[in-house]
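Peer 1:
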Amino acid sequence: MCKVISVSNQKGGVGKTVSCVNLGIGLARSGKKVLLIDADPQGSLTISLGYDEPDKMENTLATILMKVINDEEFAQNACLIRHNEGVDLLPGNIELSGLEISINGVISRETILKQYVDRMREFYDYIIIDCMPSLGLLTINALACADSVLIPVQAAYLPVKGLQQLIKTIGRVKRQLNPELEIEGILLTMVDNRTNYAKDIVKQVHEVYSESIKVFDAEIPLSVRAAETSEEGSSLYQYDPKGKAAVAYSDFIKEVLMKEGE
Ligand code: ADP
Ligand code: MG
788 MCKVISVSNQ KGGVGKTVSC VNLGIGLARS GKKVLLIDAD PQGSLTISLG YDEPDKMENT
848 LATILMKVIN DEEFAQNACL IRHNEGVDLL PGNIELSGLE ISINGVISRE TILKQYVDRM
908 REFYDYIIID CMPSLGLLTI NALACADSVL IPVQAAYLPV KGLQQLIKTI GRVKRQLNPE
968 LEIEGILLTM VDNRTNYAKD IVKQVHEVYS ESIKVFDAEI PLSVRAAETS EEGSSLYQYD
1028 PKGKAAVAYS DFIKEVLMKE GE
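Just so we're on the same page, our numbering is the position in the sequence shown counted from 1, plus 787.
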């Protein structure tokens, strides 16, 4: 059975992309077949995996979505890139931005990505979608096709307001488009345990949310190494395997797998 996880938070810079990379590659290292989809016009996931100029790529998620809209046929492996750490990537680039506007008038505009993702389910154990920092139509598409949403939260200030808006949107998508949608959980990122302030935020997130939403025990520490991987085109397991961020992501993956009863 394939599980589709959308990694979402309309706030930028909270660790969505880095979490996608290290969740996806971590699962692949545990023997899972993983497809990563870059649904951000900035192409950060694509860049983080080592493809420096996504805007020059011809075969991307935008290509696939256009084919779905136009009812054109395409091969199962169309537009996919095999990354050397064992995951497949469907890259994304600036073309998604124009596409998001142009699909406004398309029939079933919220479920275009779902048509693709549902077709790919039989080939993968996990499909992980890196969302852009907004709650626009592309993100709605990512939520409409997901089994669950992972919410990275930067432990830098109490993110109550933004999170409420995100949770409300998830609820709306669940009611209107995707009744099975669940919240995978909140992943605390960039936790600076040297400061009491960060500890306070972590404590408050647990207090405010843990009754209704799973807050993962694993916390991703603030780590220069984690920031550097975005430019290395590799995961933390390859770049800094013994580092605290790699260890934290490994612990996080154990929790994700445990949730599936493995
Ligand atoms: P988002 O996708 O939510 O915009 P990113 O994953 O791109 O967030 O992370 C935002 C920035 O913070 C990037 O420059 C990234 O390299 C850096 N970063 C991500 N995780 C960490 C971490 N654990 N410690 C330090 N820097 C991080
Ligand atoms: Mg990102």
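Cβ coordinates follow ideal geometry from the N, Cα and C atoms, glycine included.
Whole angstroms are fine: how far does the CA of residue 834 sit from the CA of residue 961?
Peer 2: Here the question's residue 961 lines up with position 174 in the sequence shown. Here the question's residue 834 lines up with position 47 in the sequence shown. For residue 961 and residue 834, the distance between alpha carbons rounds to 31 Å.
Peer 1: Just how far apart, CA to CA, sit residue 858 and residue 849?
Peer 2: By one-based count along the sequence shown, residue 858 stands at place 71. By one-based count along the sequence shown, residue 849 stands at place 62. Computed Cα separation, rounded: 14 Å.
Peer 1: Ordered along the chain, which non-local residues of its own chain (more than five positions away) have a Cβ less than 7 Å from that of residue 929?
Peer 2: Sequence index remark: in the sequence shown, residue 929 carries index 142 (1-based). So the list reads 793, 795, 826, 900, 916 and 918, once near-sequence residues are dropped.
Peer 1: Between residue 914 and residue 974, is the Cβ-Cβ spacing less than 8 Å?
Peer 2: Looking up residue 914 in the sequence shown gives position 127. Looking up residue 974 in the sequence shown gives position 187. Their beta carbons are not under 8 Å apart, which means residue 914 does not touch residue 974 by this criterion.
Peer 1: Cβ of residue 954 within 8 Å of Cβ of residue 968?
Peer 2: The count along the sequence shown starts at 1 and reaches residue 954 at position 167. The count along the sequence shown starts at 1 and reaches residue 968 at position 181. The answer is no: Cβ separation not under 8 Å.
Peer 1: Where does residue 791 fall in DSSP's three states?
Peer 2: Reading the sequence shown from its first residue, position 4 is the one you call residue 791. If DSSP states are grouped into helix, strand and coil, residue 791 belongs with the strands.
Peer 1: Taking the alpha-carbon positions, what's the residue 959 to residue 933 distance?
Peer 2: Position 172 of the sequence shown, counted from the start, is the residue given in the question as residue 959. Position 146 of the sequence shown, counted from the start, is the residue given in the question as residue 933. Near 14 Å, if we compare the C-alpha coordinates of residue 933 and residue 959.
Peer 1: Any heavy atom of the ligand MG closer than 7 Å to the beta-carbon of residue 803?
Peer 2: Here residue 803 is taken as the residue at index 16 of the sequence shown, counted from 1. Flag set: Cβ of residue 803 near the ligand MG.
Peer 1: Leaving out five residues before and five after residue 922 in sequence, what residues of the same chain have Cβ atoms less than 8 Å from its Cβ?
Peer 2: Start at 1 with the first residue of the sequence shown, and residue 922 comes out as number 135. Closer than 8 Å at the Cβ level, and outside the excluded window around residue 922, lie 797, 952, 953 and 956.
Peer 1: Just how far apart, CA to CA, sit residue 1041 and residue 813?
Peer 2: On the sequence shown, residue 1041 is found 254 positions in, with the first residue counted as 1. On the sequence shown, residue 813 is found 26 positions in, with the first residue counted as 1. About 9 Å.
Peer 1: With a CB to CB cut of under 8 Å and the five nearest residues on each side skipped, what residues in its chain are close to residue 837?
Peer 2: Within the sequence shown, numbered from 1, the residue matching residue 837 stands at position 50. If we look at residue 837 and ignore the five residues flanking it on each side, its Cβ neighbours are 870, 1019, 1020 and 1021.
Peer 1: Tell me which same chain residues have a C-beta within less than 6 Å of the C-beta of residue 819, skipping the five on either side of it?
Peer 2: On the sequence shown, residue 819 is found 32 positions in, with the first residue counted as 1. The residues are 912 and 913.
Peer 1: Which of the three DSSP states is assigned to residue 985 in this structure?
Peer 2: By 1-based counting over the sequence shown, the position of residue 985 is 198. If DSSP states are grouped into helix, strand and coil, residue 985 belongs with the helices.
Peer 1: Whole angstroms are fine: how far does the CA of residue 1015 sit from the CA of residue 1053?
Peer 2: With the chain represented from 788 up to 1049, any question about residue 1053 goes unanswered, as that position is not in the structure.
Peer 1: Using a 10 Å radius around the Cβ and a threshold of 16 neighbouring Cβ atoms, would you call residue 878 buried or exposed?
Peer 2: Walking along the sequence shown from the start, residue 878 turns up at place 91. By the neighbour-count rule (16 or more Cβ atoms within 10 Å), residue 878 is buried.
Peer 1: Less than 7 Å between the CB of residue 827 and some heavy atom of the ligand MG, yes or no?
Peer 2: Here residue 827 is taken as the residue at index 40 of the sequence shown, counted from 1. It does: the Cβ of residue 827 is within 7 Å (strictly closer) of some heavy atom of the ligand MG.
Peer 1: Which same chain residues, not among the five before or five after residue 851, have their C-beta less than 6 Å away from its C-beta?
Peer 2: In the sequence shown, the residue the question calls residue 851 occupies position 64. These residues qualify, in order along the chain: 866 and 903.
Peer 1: Sort out for me which residues DSSP pairs residue 994 with in a bridge.
Peer 2: Mapped onto the sequence shown, residue 994 falls at position 207. Looking at the DSSP assignment, residue 994 forms no beta bridge with any residue, so it has no partner.
Peer 1: Pop quiz: residue 1056 and residue 939 are said to be a contact at Cβ under 8 Å. What is the actual Cβ separation, rounded to whole angstroms?
Peer 2: Nothing can be reported for residue 1056, as the shown portion of the chain is limited to 788 through 1049.
Peer 1: Quick one: is the Cβ of residue 796 within less than 7 Å of any heavy atom of the ligand ADP?
Peer 2: As a first step, residue 796 must be located in the sequence shown, where it is residue number 9. Yes, the Cβ of residue 796 comes within 7 Å of a heavy atom of the ligand ADP.
Peer 1: Give every residue of the same chain whose Cβ lies closer than 7 Å to the Cβ of residue 1004, excluding the five residues on either side of it in the sequence, and list them in chain order.
Peer 2: Locating residue 1004 in the sequence shown gives position 217, counting from the first residue. Taken in chain order, the residues that qualify are 1042.
Peer 1: At a cut-off of 7 Å, is residue 921 close to the ligand ZN when judged by its beta-carbon and the heavy atoms of the ligand?
Peer 2: In terms of ligand content, the structure shown lacks the ligand ZN and carries the ligand ADP and the ligand MG instead.
Peer 1: For residue 892 and residue 963, I'd like the C-alpha separation in whole angstroms.
Peer 2: Here residue 892 corresponds to residue number 105 of the sequence shown, with the count starting at 1. Here residue 963 corresponds to residue number 176 of the sequence shown, with the count starting at 1. When rounded, the distance between both Cα atoms is 18 Å.
Peer 1: Along the chain, which unbroken stretches of the alpha helix (DSSP H) at least 4 residues long are found entirely within the segment 909-961?
Peer 2: Fully enclosed alpha helix (DSSP H) runs of 4 or longer: 924-931.
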